Structure formats: C-alpha cells, structure tokens
Amino acid sequence: MHTDVIFKGEKGIQLENANIQIIVLPKFGGKIASIYHKNKKFEFAFQNKEKIYKKPKLYSNFSQFDAAGLDDAFPTIDQCEVEYMGKKIIYPDHGEIWTSDFQVISIEENKVKLRYVSRILPYEYIKTISLKNNKIKIEYSIENHGDEKFPCIWAAHFLINCNEDMEIRLPKGTNYVRNVQKSSRLGQINTIHTYPLTEDLQGNEYNLSKVLSESSNHTEKYYVNNKVNEGMCSIYFQNVNLEYILKYDKEVLPYLGFWVTEGGFRGDYNCALEPTNGFYDNIDIAKKEDKIFYLKAHDKLEFNMEIEIR
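Every position in the sequence shown, counted from 1, becomes a number in the numbering used here once 23 is added.
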C-alpha cells in the first residue's frame, strides 16, 4: 500500500508491505530516504542527521546538505564543465537530480512514477519506484530531446548504514580494484590492489570486504578494475542476517565504484556500492579513460535497478 507521510519535515510517499517499508521524497530527486525491514527492525539507508531536510539549490555543495539515503548522480558525480551546442555548461556537484523537484505522475498500490525536466540540458528524467515482496525495483528512462548528443555519467549514490560485522560482496570474479582518491591506506590515485585482501602502505593485511570502525576517521573510494563480470553486488549484515543486494544490467552499467566513510567525512559512517556507466566520477576523467557514455540526440537511456533484501 502507499501512504502520504511527512518525513523529517518533507512530504514523502511511503510504500509498504508485510516485509519492507520505504519512503520516497519527490522534492529531493525522488530520493529513497528509508528502506526499513519491519521484522528485523533494521534501517538500511543512512539517515539525515538533522531533524529536518534543508532544500539544496541547483549548484549546492553536496557535502553541505544531508548526504543521506539513496540518490541518483546524473549527469556527473564531481562538478565539471562541458561544451554543448556551442555553450559551456557546468554539471553540478553530484549532478542535478538530488537537488531537483520531481513531479508525481502517478501513484498505484505499491508504485510511484516521477518526472523531471532538466534545468541545464534538454533531457527528461522519468523514475518509477515499486515495491513487491522483498524487492524494490527502480526503472529509469532518460530521454535527450535535444539535437546534439551530450556526455553523461549515471551512478547509483545509494548510501547505506555501516557496521563492523558487515561484509562487502563485489561482483563474482573481482580480483583487482583501482584506488581513485589519495588514501593513507591504499596510497596514490590509480594504484591497483588485489581484492578482497591487499596490503596497506605499512605492509599490513587490509581486508577490503570489511569496513573499519566508526572512530577510524578514514574514507576510501575505489572501483572494480575494468568492467564488472556480472551485474550483482551486495552487502551482508551479519548482525541481523540480512543481505542488501543490487541487481542491474552490466551492459548498461559496466563499472562499479565503492565509497566508504568510517568517520572520515563529517563523522558519517556509511558506504555505497555505485554501479555506473562511466569510469570514473566526472566527464573529464571518463573521456581520458575512454570510458564515457554519450546520450545521443532524441535517444533514451533506459535501465532498471533492483534492490533485493533477503
């Protein structure tokens, strides 16, 4: 069933069944602000630490706002500049979706359909979220109504709560990852590490399938090296015996990033498995890596994400 709710001061749409309860915030890019397992009384989505949401503007700094829940990063993660139709266009920090008001097109028993028309490029973004049994399905349709292609990165920026007992499960066959931020443990950008076990800069074993304590004051960001072997990754929470599983089309989203803050970013303790169509993080880097996607004129980018809780 669906219910209109007020969640941390904002109008939301709650979808609920016997197993799972989720809350969608249309005015915040269709963010999934909560994924709650009713029987285990367990919240998967990292929560806004404030009592109410602050509304960001188009070019707001992502770190100055909630940085919580499940957002879509499009058409970039890092702010960057591109040329389109002879004009310079600035792609906002973490894209423009997270700051944007979505129109509710329709609400059914356990499904909500949302729509947004871009303020910076001639595209339309339609997002349909549905809940059935223990699965959340998110359907995307991004259509370029313009007369010229534009480069874009879509990435799942799905921030999930951390604890020390959980296990990160990257796609089968992942043997190497590539560090993409300077790290006191993984070293310089572009350093390749074995997965799941590697060595840190001090020569100590470092298990990348686990997370450090909340007091570690540390962050990491790395990607599966090259394309993924399968469109499935997950996080297993041993403390509640539940697994958060992402399933998607690896042909559409061939790259996978992983972000974790173990207290190092604002004191937050969360992580994100980030399937994406570009490698990595912004348009300039993806062009240099020759791993960039262009949405062609009058064409659509269509794909689904499935979140299974079991």
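Cβ coordinates follow ideal geometry from the N, Cα and C atoms, glycine included. Owing to the predicted nature of the structure, the values given are computational and were not obtained by experimental measurement.
Practice problem: Starting from the C-beta of L107, find all residues in its chain whose C-beta is less than 7 Å away, skip the five residues before and the five after it, and write them out in chain order. | Solution: The sequence position of residue 107 within the sequence shown is 84, counting from 1. Rather than Leu, the amino acid found at residue 107 in this sequence is Tyr. Cβ neighbours of Y107 beyond the five flanking positions: L144, E171 and F173.
Exercise. Provide the residue(s) that pair with H216 in DSSP beta bridges, ordered along the chain.
Key: On the sequence shown, position 193 is the one that residue 216 refers to. The partner list for H216 (beta bridge, DSSP) reads V200.
Quiz item: I think N305 touches T99, with their Cβ atoms under 8 Å apart; what is that distance to the nearest whole Å?
Solution: Mapped onto the sequence shown, residue 305 falls at position 282. Mapped onto the sequence shown, residue 99 falls at position 76. The Cβ separation is near 5 Å, so the contact holds.
Quiz item: Taking the continuous beta strand (DSSP E) assigned at I36, which residues delimit it?
Solution: Here residue 36 refers to the residue found at position 13 of the sequence shown. Per DSSP, the continuous beta strand (DSSP E) segment holding I36 begins and ends at E33 to E39.
Quiz item: Taking the alpha-carbon positions, what's the I268 to K233 distance?
Solution: For the purposes of this step, residue 268 is taken as the residue at position 245 of the sequence shown. For the purposes of this step, residue 233 is taken as the residue at position 210 of the sequence shown. Computed Cα separation, rounded: 16 Å.
Quiz item: Can you round the beta-carbon distance between F97 and G118 to whole angstroms, since I take them to be within the 8 Å contact cut?
Solution: Here residue 97 corresponds to residue number 74 of the sequence shown, with the count starting at 1. Here residue 118 corresponds to residue number 95 of the sequence shown, with the count starting at 1. With a Cβ gap of about 4 Å, F97 and G118 count as contacting.
Quiz item: Do you know offhand how far D188's Cα is from E243's?
Solution: Taking the sequence shown and counting its residues from 1, the one referred to as residue 188 is at position 165. Taking the sequence shown and counting its residues from 1, the one referred to as residue 243 is at position 220. So the alpha carbons of these two residues sit roughly 18 Å apart.
Quiz item: Which of helix, strand or coil does DSSP assign to I306?
Solution: One-based indexing of the sequence shown puts residue 306 at position 283. Residue state, collapsed to three classes: helix.
Quiz item: By DSSP, does E171 sit in helix, in strand, or in coil?
Solution: Here the question's residue 171 lines up with position 148 in the sequence shown. Note: E171 maps to coil in three-state DSSP.
Exercise. State yes or no: is the C-beta of H180 within less than 8 Å of the C-beta of D94?
Key: Position 157 of the sequence shown holds residue 180. Position 71 of the sequence shown holds residue 94. Contact: yes.
Practice problem: Give every residue of the same chain whose Cβ lies closer than 6 Å to the Cβ of Y59, excluding the five residues on either side of it in the sequence, and list them in chain order. | Solution: By one-based count along the sequence shown, residue 59 stands at place 36. In its chain, beyond the 5 residues on either side, Q44 and E66 have a beta carbon closer than 6 Å to the beta carbon of Y59.
Quiz item: Quick one: what does DSSP say K50 is sitting in, helix, strand or coil?
Solution: Here residue 50 refers to the residue found at position 27 of the sequence shown. In this structure, K50 counts as helix in the three-state DSSP scheme.
Quiz item: In whole angstroms, what is the alpha-carbon distance linking F260 and P194?
Solution: Position 237 of the sequence shown, counted from the start, is the residue given in the question as residue 260. Position 171 of the sequence shown, counted from the start, is the residue given in the question as residue 194. One Cα belongs to F260, the other to P194, and the distance between them is close to 17 Å.
Quiz item: By DSSP, does K314 sit in helix, in strand, or in coil?
Solution: Along the sequence shown, one-based indexing puts residue 314 at 291. In the structure shown, K314 falls within a coil segment according to DSSP collapsed to helix, strand and coil.
Quiz item: What does DSSP give as the partner residues of I55 in its beta bridges?
Solution: What you label residue 55 is simply residue 32 of the sequence shown in a count that begins at 1. Beta bridge pairing from DSSP links I55 with V47 and L93.
Quiz item: In chain order, what residues of the same chain lie with their CB nearer than 8 Å to the CB of R208, ignoring the 5 residues before and after it?
Solution: Taking the first residue of the sequence shown as 1, we reach residue 208 at position 185. Cβ-Cβ distances below 8 Å link R208 to D223, L224, Y229, H241 and E243 in the same chain, with the five nearest sequence neighbours on each side left out; the list follows chain order.
Quiz prompt | Cβ-Cβ separation, Y146 to E166 (assumed contact under 8 Å), whole Å | solution = If you number the sequence shown from 1, residue 166 lands on position 143. If you number the sequence shown from 1, residue 146 lands on position 123. Rounded, the Cβ-Cβ distance is 6 Å, consistent with contact.
Exercise. Give a yes or no on whether the C-beta atoms belonging to L38 and L154 are separated by under 8 Å.
Key: Position 15 of the sequence shown, counted from the start, is the residue given in the question as residue 38. Position 131 of the sequence shown, counted from the start, is the residue given in the question as residue 154. One thing to note: L38 has its Cβ within 8 Å of the Cβ of L154.
Quiz item: When burial is assigned at 16 or more other CB atoms within 10 Å of the CB, is K280 buried or exposed?
Solution: Walking along the sequence shown from the start, residue 280 turns up at place 257. Strictly speaking, residue 280 in this sequence is Gly, with Lys absent from that position. A residue is called buried once 16 or more other Cβ atoms fall within 10 Å of its Cβ, and G280 is buried on that count.
Practice problem: Starting from W282, follow the beta strand (DSSP E) in both directions and report where the run begins and ends. | Solution: The sequence position of residue 282 within the sequence shown is 259, counting from 1. For W282, the enclosing beta strand (DSSP E) covers residues Y278 to E285.
Quiz prompt | Euclidean distance between Cα positions of E104 and K160 | solution = Position 81 of the sequence shown, counted from the first residue, corresponds to residue 104. Position 137 of the sequence shown, counted from the first residue, corresponds to residue 160. Straight-line Cα distance between these residues: approximately 32 Å.
Quiz item: For I128, which residues of its own chain have a beta-carbon under 8 Å away from its beta-carbon, when the five flanking residues on both sides are left out?
Solution: Looking up residue 128 in the sequence shown gives position 105. Closer than 8 Å at Cβ, skipping near neighbours: K136, L137, R138 and I149.
Self-check item: Neighbourhood of K270 by C-beta, 7 Å cutoff - its chain only, sequence neighbours within 5 removed
Solution: As a working mapping, residue 270 is identified with position 247 in the sequence shown. Leaving aside the five residues that flank K270 on each side, the residues in its chain whose CB is nearer than 7 Å to its CB run, in chain order, G254, M255, E329 and E331.
Quiz item: Would you report the Cα separation of G286 and L182, rounded to the nearest angstrom?
Solution: The sequence position of residue 286 within the sequence shown is 263, counting from 1. The sequence position of residue 182 within the sequence shown is 159, counting from 1. Cα to Cα, the separation comes out at about 14 Å.
Self-check item: beta strand (DSSP E) segment containing C294, residue limits
Solution: Here residue 294 is taken as the residue at index 271 of the sequence shown, counted from 1. Run containing C294: Y292 to T299, per the beta strand (DSSP E) assignment.
Self-check item: C-beta atoms of F69 and N184 nearer than 8 Å
Solution: Translated into the one-based positions of the sequence shown, residue 69 becomes position 46. Translated into the one-based positions of the sequence shown, residue 184 becomes position 161. Using a Cβ distance threshold of 8 Å, F69 and N184 count as a contacting pair.
Quiz item: By a C-beta neighbour count over all protein chains shown, 10 Å radius and 16 as the cutoff for buried, is S86 buried or exposed?
Solution: Residue 86 sits at position 63 when you count from the first residue of the sequence shown. Taking all protein chains shown into account, S86 has fewer than 16 neighbouring C-beta atoms within 10 Å of its C-beta and is therefore exposed.
Quiz item: Between N300 and L265, is the Cβ-Cβ spacing less than 8 Å?
Solution: As a position in the sequence shown, residue 300 is number 277, starting the count at 1. As a position in the sequence shown, residue 265 is number 242, starting the count at 1. Result no, Cβ atoms of N300 and L265 do not sit closer than 8 Å.
Quiz prompt | Alpha-carbon to alpha-carbon, N62 and Y82 | solution = Residue numbering aside, residue 82 sits at position 59 when the sequence shown is read from its first letter. Residue numbering aside, residue 62 sits at position 39 when the sequence shown is read from its first letter. When the Cα atoms are used, Y82 and N62 turn out to be separated by approximately 40 Å.
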